[in-house]
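Single-structure report; data block below.
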Amino acid sequence: MNITAIKADNGVNVEALLGARQALTEAPEAARFKWRATCEWIGGTHSRSVVHGFFGLGTEQSHKTAFRYDADHPEIFAAEDNGATPVEYVLVALASCLTAGIAAVAQNRNIQLRSVKATLEAGMDLQGILGIDSEVRNGFDGIKVVFEIDADATDQEIAALVAQSQRRSAVFDIVTNPTNVAVEVK
Amino acid sequence: MIRVPHRRYPPAGTVDVVVIGAGHAGLAMSRCLAEHSIDHVVLERGEIANSWRRERWDSLRLLTPNWQSRLPGYAYRGPDPDGYMSTSEVVEFIDGYARFIGAPVRPHTTVTSVVAEGGGYRVVTDRGDWRCRAVVLASGAHGLPAVPAAATALPRSITTLTPKTYRNPDQLDDGGVLVVGASATGLQLADEIQRSGRHVTLAVGEHIRMPRVYRGLDIQWWLDAVGILDERYDEVDDIVRARRVPSPQLVGTPERATLDLNALTERGVELVGRLVGVADGKAQFSGSLRNHCAMADLKLDRLLDRLDRWVEDHGASRELGPPERFAATRIDAAPRLAIDLARERISTVIFATGFRPDYSWLHVPVFDHKGRLKHDGGVVAAPGLYVLGLNFMRRRKSSFIHGTEDDVRDLSAHLASSLRLGYSGRVPLEAVG
C-alpha cells in the first residue's frame with residue numbers, strides 16, 4: 154500500500170523560512186534589516202507615504218513596486234477623509250503581521266487553514282491628543298483582536314497557533330514594548 | 203610589612219583528568235572516572251557543595267522529591283521519600299556522597315585559568331598548577347545571575363537582589379518589592395515576601411506552569427514515567443530554545459501545594475508583564491502578559507493530555523485520581539504597563555531572571571559569538587574538554603541531581619575512550635552513549 158502523508162498547503166514556503174533561519178543563525182550580519190518609508194504632506198491632514206526600498210541580507214533591496222498609502226482623518230475631524238487615520242494603519246499592521254504568522258506557524262505544524270479573519274478594535278480617549286487631560290495618554294488604551302479561524306485542527310491547536318504567532322510577531326512586539334524613537338529635522 | 207616575594211608555585215601535580223567543581227555533578231564524574239580507573243582530582247573553590255552552602259535563600263527546597271535524589275551508586279534512604287530536601291539536607295546528601303565514594307577533592311582551591319598546553323591542559327589555581335590530559339567543567343550553570351539590561355537604569359535608591367544574595371524577607375525594608383521573573387524561583391520569592399506583609403509586584407514573561415501533584419502523584423513522577431525527563435538534546439526540535447526554558451513553577455513544601463500565578467493573585471500579588479525597561483524612575487512592562495499566560499496554560503493542558511493518554515495506553519499500575527484540568531490563569535483586563543517606583547514605595551527589585559555559567563577563567567577558544575560554550579551534549583568543542591550540569595545538556599533532566607548519572611556515564615565513557623585513543627582519534631558519542 155502506498156501511504157502518502159497528508160501535507161497542508163497554506164501557500165507558505167516553510168522550507169525557505171527554515172532555510173533562512175539556519176542561514177541567518179550562521180550569518181548574524183545578514184539578519185540585520187532596515188525598513189523604510191517616506192511621507193509627504195499633501196494638504197490639511199492628508200499625507201501620502203511610499204514604501205519601496207529596504208536593506209537586508211547585507212545589501213539594498215526593494216519591493217516589486219512602490220506601495221502608496223494615503224492617510225487622513227474622517228470628516229467629523231473637519232478633514233477630507235482621503236485615507237485611513239494613522240492609528241488605523243497601526244491596526245492594519247498588527248492584524249496583517251499576526252495573520253501572516255498564523256499562516257506560517259500553521260504550515261510548519263502541518264495544519265490546513267480554510268479561512269482566517271481578524272477583527273480589531275482599539276480604544277482611544279481623545280482627551281489625550283487634544284490636551285484636555287494630561288493623565289490620558291495619546292495612544293490606544295488597549296487593543297482587542299478577535300480571530301475567527303476555520304482549519305483542520307482542534308480548538309486547542311488553533312489557540313496555540315494564535316499564541317505562537319503573537320510570540321513571533323514583530324508588530325506585536327512593537328506595540329507591546331517600548332521602542333526608542335529619534336525624530337530629527339534636517 | 204613583610205614583602206612576600208613573588209614566586210611561581212611548583213606544579214601541584216600531573217593527573218589524567220582535572221574535574222573543576224565538587225558539587226553533585228563533579229563528584230558523580232569522579233565516581234565514574236574511578237570506575238574507569240582514571241587518575242584524577244576534583245578542585246573545589248570552597249567546600250563540597252559550596253554554592254548550596256552559601257548561595258541559596260533560606261527557605262529553598264529541591265523541586266524534586268527525595269525518592270528521586272540519586273547519584274551513581276547512591277540514593278536517598280531517609281524516612282521521608284515524598285519530601286523535598288532543604289539546602290542543608292542537600293549539603294548533607296552531597297557531603298555524604300563525597301565520603302561514600304572517597305572522592306579526591308582538593309577544597310579551597312580556586313581555578314584562575316585553564317589553557318591548552320602540550321596536547322593537554324594546564325589548570326592554574328591559587329594553590330599551584332595542574333597538568334592534565336582532560337578537564338571536566340563541573341562548576342555549574344549558576345555562576346552569574348543573568349540580569350536584564352534594564353537593571354542599570356533603576357534609581358540608586360532601589361536595592362537590587364538576585365537569588366544569590368536574597369536570603370529571607372527580614373533582610374528587606376518595609377517597602378514594596380518588584381520580583382522580576384516567573385520561574386520556580388520568582389514565584390517562591392514573590393510568595394514568601396508577600397506573606398511577610400510586603401506588597402509584591404511580579405513581572406511575568408514566558409513561564410512553565412505545572413501542578414505539584416497530578417492525579418495523586420508528584421508531577422516529577424509523571425515527567426519521569428512518560429519519558430519527558432529522558433528526552434535527548436539531539437531529538438528535540440529546537441535545542442537552543444529548549445535550553446532557555448525557565449524552571450517550572452514548582453515549590454517543595456510538606457503540603458505538596460501547587461504554587462501558580464492564580465495562587466499568588468489570591469494572596470494579593472500584582473501581576474504585570476515582562477520587565478522591558480526603566481525610564482524616569484518608572485518600570486515599564488510588556489503588554490504581552492495575556493499571551494504569555496495563555497501559552498503556559500495551553501502548554502500545561504497539552505502536558506496533562508499527554509499524561510492521561512499515557513495512562514490509557516499503559517493502564518494504571520496503581521490507584522490514580524481522576525484526570526484534572528486547572529483554571530486558566532486569571533489576568534486583569536488591563537494589567538499595568540508602568541509603575542512609578544518611588545510613588546508606589548517600591549524599594550527592592552529582585553531579579554529572578556536566571557543564570558549563566560561563569561567561564562571567565564577558561565582560556566580555550568570554545569565560545570560562540572554570544573559567548574556561549576560550544577558543546578555537543580557535554581563534549582566541548584576542544585579535545586579532552588567536557589562540561590556537566592547545564593540546562594538540557596544531554597537530556598531534559600541534565601540539570602537535576604537525578605539527571606546526572608546518565609550524563610556522567612556517557613561522558614566518562616567518551617573521556618576514557620579518548621584517553622585510550624589519544625586526541626587524534628575522534629570518538630563518536632553513539633559508540634558509548
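Chains A and B supply the protein sequences, listed in that same order.
Position one of the first sequence corresponds to residue 154 (my numbering), numbered consecutively onward.
Position one of the second sequence corresponds to residue 203 (my numbering), numbered consecutively onward.
We put the beta carbon where it would ideally sit given N, CA and C, even for glycine.
Reduced DSSP secondary structure (H/G/I, E/B, other) of residue i
| i | result |
| --- | --- |
| Arg243 (chain A) | First, the amino acid is wrong: residue 243 (chain A) is Val here, not Arg. Three-state DSSP puts Val243 (chain A) in a helix. |
| Asp218 (chain B) | coil |
| His577 (chain B) | strand |
| Pro347 (chain B) | strand |
| Ser253 (chain B) | helix |
| Ser549 (chain B) | strand |
| Gln422 (chain B) | helix |
| Ser202 (chain A) | strand |
| Gly342 (chain B) | coil |
| Thr460 (chain B) | coil |
| Ile441 (chain B) | helix |
| Thr218 (chain A) | strand |
| Thr467 (chain B) | helix |
| Gly275 (chain B) | coil |
| Arg320 (chain A) | helix |
| Phe602 (chain B) | coil |
| Glu521 (chain B) | coil |
| Gly172 (chain A) | helix |
| Ala183 (chain A) | helix |
| Glu213 (chain A) | strand |
| Lys339 (chain A) | coil |
| Gly479 (chain B) | strand |
| Gly196 (chain A) | strand |
| Thr362 (chain B) | strand |
| Arg247 (chain B) | coil |
| Arg446 (chain B) | helix |
| Ala536 (chain B) | coil |
| Ala231 (chain A) | coil |
| Ala584 (chain B) | coil |
Paired residues, beta bridge with residue i - DSSP
| i | result |
| --- | --- |
| Val326 (chain B) | B:Ser315 and B:Asp331 |
| His565 (chain B) | B:Val317 |
| Arg411 (chain B) | B:Gln451 |
| Ala529 (chain B) | BP columns for Ala529 (chain B) are empty, so no partner. |
| Arg597 (chain B) | B:Arg434 |
| Ala248 (chain A) | None, per the DSSP bridge assignment. |
| Val334 (chain A) | None; Val334 (chain A) has no bridge partner. |
| Ala259 (chain A) | Bridge partners of Ala259 (chain A): none, in fact. |
| Phe208 (chain A) | A:Lys187 and A:Glu213 |
| Glu472 (chain B) | B:Thr403 |
| Arg308 (chain B) | B:Leu245 |
| Arg703 (chain B) | The structure shown does not extend to residue 703 (chain B), since chain B is modelled only from 203 through 635, so no value can be given for it. |
| Asp223 (chain A) | A:Arg201 |
| Arg263 (chain B) | B:Ser288 |
Continuous alpha helix (DSSP H) stretch holding residue i: start and end
| i | result |
| --- | --- |
| Tyr299 (chain B) | Thr289 to Ile303 |
| Ser619 (chain B) | Thr606 to Leu623 |
| Ser232 (chain B) | His226 to Glu237 |
| Val141 (chain A) | Beyond the ends of chain A as shown, which are 154 and 339, falls residue 141 (chain A); an answer cannot be given. |
| Val324 (chain A) | Ala323 to Thr329 |
Start-to-end residues for the beta strand (DSSP E) that takes in residue i
| i | result |
| --- | --- |
| Trp512 (chain B) | First-last for Trp512 (chain B): Leu491 to His516, but that is the alpha helix (DSSP H), not the beta strand (DSSP E). |
| Val428 (chain B) | No beta strand (DSSP E) contains Val428 (chain B), which DSSP labels as neither H nor E. |
| Ile541 (chain B) | Ala540 to Asp542 |
| Lys660 (chain B) | This structure cannot speak to residue 660 (chain B), because chain B is shown only from 203 to 635. |
| Tyr286 (chain B) | From DSSP, Tyr286 (chain B) is part of no beta strand (DSSP E); its letter is neither H nor E. |
| Leu587 (chain B) | Leu587 to Val589 |
- Message: By the 9 Å beta-carbon criterion, what residues does the stretch 314-326 of chain A contribute toward chain B?
- Response: Val315, Ala316, Gln317, Gln319, Arg320, Phe325 and Asp326
- Task: Note down, in chain order, all residues in the stretch 280-300 of chain A with a beta-carbon under 8 Å from any beta-carbon belonging to chain B.
- Result: Asp294 and Gly295
- Item | Unbroken stretches of the beta strand (DSSP E), 3 residues or longer, contained in the stretch 369-401 of chain B | 378-382
- Query: In chain order, what residues of the stretch 198-231 of chain A put their CB closer than 7 Å to some CB of chain B?
  - Reply: none
- Contact list for the stretch 470-492 of chain B against chain A, Cβ threshold 7 Å: Val478, Gly479, Gln486, Ser488, Gly489 and Ser490
- Of all the beta strand (DSSP E) runs that stay within the bounds of the stretch 263-318 of chain A, which reach a length of 3 or more residues? 266-276 and 295-304
- Query: At a Cβ cut of 8 Å, what residues of the stretch 557-572 of chain B count as close to chain A, listed as they run along the chain?
  - Reply: His571
- Message: Any C-beta of chain A within less than 9 Å: which residues of the stretch 503-535 of chain B qualify?
- Response: Asp503, Arg504, Asp507 and Ala535
- What residues in the stretch 398-421 of chain B have a beta carbon less than 7 Å from any beta carbon of chain A? none
- Message: Give me the subset of the stretch 326-339 of chain A whose CB atoms are less than 9 Å from a CB atom of chain C, sorted by chain position.
- Response: Absence of chain C from the displayed structure is noted, the protein chains being A and B.
- Residues, ordered as in the chain, of the stretch 179-192 of chain A that lie near chain B by beta-carbon distance below 8 Å: Pro181
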